[in-house]
Amino acid sequence: MIKTFVSTIGSRMKIIWSPNKSQIGIEGVIIDDTKNTLVIMDDKGAIYRIGKKGCLFEIKIGNKILKVSGDDLLGDYVRRLEKI
């Protein structure tokens, strides 16, 4: 797990666990990262706003796939950058 994660925008991701079972398996590219949500666009162009809290994501960074808790991503990426 990553404790401090900076920018996720432009990364591919997949939801592997969510309190909202209909979101599990959704994957695409992160197009926005807000304090409490990630906005992703799937390969067909559909847009999803996903709450971070309580979710588990697989995020591809370069050639690595990381499992990241949505709780670790809470707060916007500018604030996460300030923590480093």
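Under our numbering, the residue at position 20 of the sequence shown is numbered 59, and the numbers go up by one with no gaps.
Ideal placement from N, C-alpha and C gives every residue a C-beta, glycine not left out.
Quantities reported herein were computed from a predicted structural model and do not represent experimental measurements.
Residue(s) in a DSSP beta bridge with residue i
i	result
I89	L77
S108	L95
K103	I100
Three-state secondary structure assigned by DSSP to residue i
i	result
D115	coil
D82	coil
G67	strand
Within 8 Å, strictly: CB atoms of residue i and residue j
i	j	result
D115	K74	yes
I54	I86	no
I79	I69	yes
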